[in-house]
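Quick note: the sequence shown uses full-length UniProt numbering, first residue 1, plus one each step.
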Amino acid sequence: MMAVRLANHGAALFGNLFFVILYLLVHQGRSSSPTKIHTIIGKIGELAVLPCVDDGDHLNLRDMRIYWQINYDITVHMYNRGVDDINYQNETYKGRTMLFVDQLEKGNYSLQITNITLADSAEYMCIAGKEHLELSKVTLRPVASFIDPVISVDELWVNNQASRNASCKSHSGYPKPNVYWNVRNGSTVEHPEATGTVITQDPDTRLYNVTSYITLNDTDESISCTVENPLLGENLTSPEWSLRPSGPQPGPFFKVLVASLFGAVVLLTILGLVVKCKCLPKKECRRDPPAELLLDHMTCPQENGTGGHPQTQETVVMLNKEMET
1 MMAVRLANHG AALFGNLFFV ILYLLVHQGR SSSPTKIHTI IGKIGELAVL
51 PCVDDGDHLN LRDMRIYWQI NYDITVHMYN RGVDDINYQN ETYKGRTMLF
101 VDQLEKGNYS LQITNITLAD SAEYMCIAGK EHLELSKVTL RPVASFIDPV
151 ISVDELWVNN QASRNASCKS HSGYPKPNVY WNVRNGSTVE HPEATGTVIT
201 QDPDTRLYNV TSYITLNDTD ESISCTVENP LLGENLTSPE WSLRPSGPQP
251 GPFFKVLVAS LFGAVVLLTI LGLVVKCKCL PKKECRRDPP AELLLDHMTC
301 PQENGTGGHP QTQETVVMLN KEMET
């Protein structure tokens, strides 16, 4: 047991000693080769390539050692004499990094990192060459595009005066955004300051959500808002929201009332048609009688099982006798 502990302790000391020696070699050789400084933007969830190019003499792959590190103590990637060495690689980067092997003998030691996260924000150092020089320092800055912004407008009427407040919302971006309002007043476009902007950060993804508010004038004709990602250089503008024509808008109660009245009118119309159809005489009642039987006081016979009203039948019989004589 003691032997195992000593072995582990010895391996740790050897590893630390190895990187201390490497650190001294790097700083000793700095004067002969200036370190190149880069800043790289990497979209979250996508890949980024950290540049590192050696302009000096190039080694054979079997003699080549390339180290990508953070602060000389976190190994991001290590290439040791023809193979990738994962013994010292930080767990966070395992399975996510690679060198362009076909470019190594040409002096291109650039590193590709896949599935970028906010945790990858750091300054990376490329150490390689015959003298293990610090060839490149690369600052990786993760970014995320915001979702297209959406506008909503609330309009209140008090004493025939309109008070309109608009909000612009977007989410899932990084870093913190800038929000601009575009308000068209007649033929001009103004860029007023927001009356309030609230920026929150999702506790899980650490991405930002933003809501901006503005109070509008009664003379404003249309509005739109722009969410800017300053690091990504991306501007997303909402569809233009028209504010004309302006006037009191019916509330929910009024809309329900109108719909109810319309439904009642339709229902009464249907009931009226049904009643009218029931009151219409049957087909035999609608036959035109002979002209000689038309009397001002005659009414249509009712269905009573006897063929009609008795008084009406007598009148018809008398008329028939007179015509026969």
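Just so you know, even glycine gets a beta-carbon here, dropped at the ideal spot from N, CA and C.
Q: Return the CA-CA distance between Tyr208 and Val179, expressed in angstroms with no decimal places.
A: 13 angstroms
Q | Per DSSP, cross-strand counterpart(s) of Gln69 | A | Gln69 is bridged to Thr75 and Met125.
Q. From Arg164, His132, Gly56 and Asn185, pick the residue whose C-alpha is nearest to that of Gln69; which is it?
A. Per the C-alpha coordinates, the member of Arg164, His132, Gly56 and Asn185 positioned closest to Gln69 is His132.
Q) When the distance is taken between beta carbons, is Thr39 closer than 8 angstroms to Arg141? A) yes
**Q.** Limits of the unbroken beta strand (DSSP E) element including Lys43
**A.** Lys36 to Lys43 is the extent of the beta strand (DSSP E) around Lys43.
Q | Alpha carbon of Leu61 to alpha carbon of Lys130, nearest angstrom | A | The straight-line gap from Cα to Cα measures roughly 12 angstroms.
Q. Distance, Cα to Cα, Thr139 vs Gly42?
A. 10 angstroms
Q. Among Val83, Gly107 and Gly95, which has the Cα closest to the Cα of Asp55?
A. Gly107
Q. Should Pro248 be labelled buried (16 or more other beta-carbon atoms within 10 Å of its own) or exposed?
A. Because the pLDDT at Pro248 is just 49, under 50, the model does not fix this residue reliably, and the value given afterwards should be weighed accordingly. Flag for Pro248 reads exposed.
Q) Apart from the five residues on each side of it in sequence, which residues of its chain come closer than 6 angstroms, Cβ to Cβ, to Ser242? A) Apart from the 5 residues on each side of it in sequence, Ser242 sits with its Cβ closer than 6 angstroms to the Cβ of Ser222 in its chain, given in chain order.
Q | 8 angstroms Cβ cutoff met for Leu50 and Ser110 | A | yes
Q.
Is any non-hydrogen atom of the ligand SAM found closer than 7 angstroms to the C-beta of Pro175, if you look at the structure I gave you?
A. As for the ligand SAM, it is missing from this structure, which has no ligand bound.
Q: In the DSSP assignment, find the unbroken beta strand (DSSP E) run with residue 333 in it and report its ends.
A: Past the edges of the chain, shown from 1 to 325, lies residue 333, and the structure says nothing about it.
Q. DSSP three-state call for Leu236: helix, strand or coil?
A. strand
**Q.** C-alpha gap between Thr197 and Arg244, whole angstroms
**A.** 26 angstroms
Q: May I ask you to verify whether the segment 175–190 touches the segment 221–235, counting CB pairs closer than 8 angstroms and requiring at least 3?
A: yes
Q.
In this structure, how does DSSP classify Ile116 when only helix, strand and coil are distinguished?
A. coil
(Q) Starting from Gly186, trace the beta strand (DSSP E) in both directions and tell me its first and last residue. (A) Gly186 -> no beta strand (DSSP E), and no H or E assigned at all.
(Q) Pop quiz: Lys169 and Thr211 are said to be a contact at Cβ under 8 angstroms. What is the actual Cβ separation, rounded to whole angstroms? (A) 5 angstroms
Q: Please name the residue in Glu193, Ser260 and Val76 whose C-alpha comes closest to that of Cys126.
A: Val76
**Q.** Length of the line joining the Cα atoms of Leu232 and Ala144
**A.** 8 angstroms
Q | Neighbourhood of Tyr79 by C-beta, 6 angstroms cutoff - its chain only, sequence neighbours within 5 removed | A | Leaving aside the five residues that flank Tyr79 on each side, the residues in its chain whose CB is nearer than 6 angstroms to its CB run, in chain order, Ile66 and Leu99.
Q: Look up Thr139 in the DSSP assignment and say whether it is helix, strand or coil.
A: strand
**Q.** Option nearest Thr195 by Cα separation, candidates Asp204, Thr215 and Thr205
**A.** Thr215
Q.
Output needed for Leu135: all residues of its chain with C-beta closer than 8 angstroms, excluding positions within five of it in sequence on either side, in chain order.
A. Same-chain partners within the cutoff: Ser33, Thr35, Lys36, Cys52, Val53, Asp54, Tyr109, Cys126, Ile127, Ala128 and Gly129.
Q: Round the Cβ separation of Gly173 and Asn90 to the nearest angstrom and send it over; I've been treating them as touching at under 8 angstroms.
A: That pair is no contact at about 28 angstroms.
Q | Boundaries of the beta strand (DSSP E) in which Asn209 is found, first to last residue | A | Under the DSSP assignment, Asn209 falls in the beta strand (DSSP E) whose first and last residues are Tyr208 to Leu216.
Q. Counting along the chain, where does the beta strand (DSSP E) carrying Ser110 start and finish?
A. Ser110 -> no beta strand (DSSP E), and no H or E assigned at all.
Q: Tell whether a beta-carbon distance below 8 angstroms holds between Ile44 and Ile147.
A: no
Q. What does DSSP give as the partner residues of Ser170 in its beta bridges?
A. Val210
Q.
Helix, strand or coil, according to DSSP, for Thr195 in the structure here?
A. coil
Q: Compute the beta-carbon to beta-carbon distance between Gln112 and Leu47, rounded to the nearest angstrom, for a pair I have assumed lies under 8 angstroms.
A: About 6 angstroms; that satisfies the 8 angstroms criterion.
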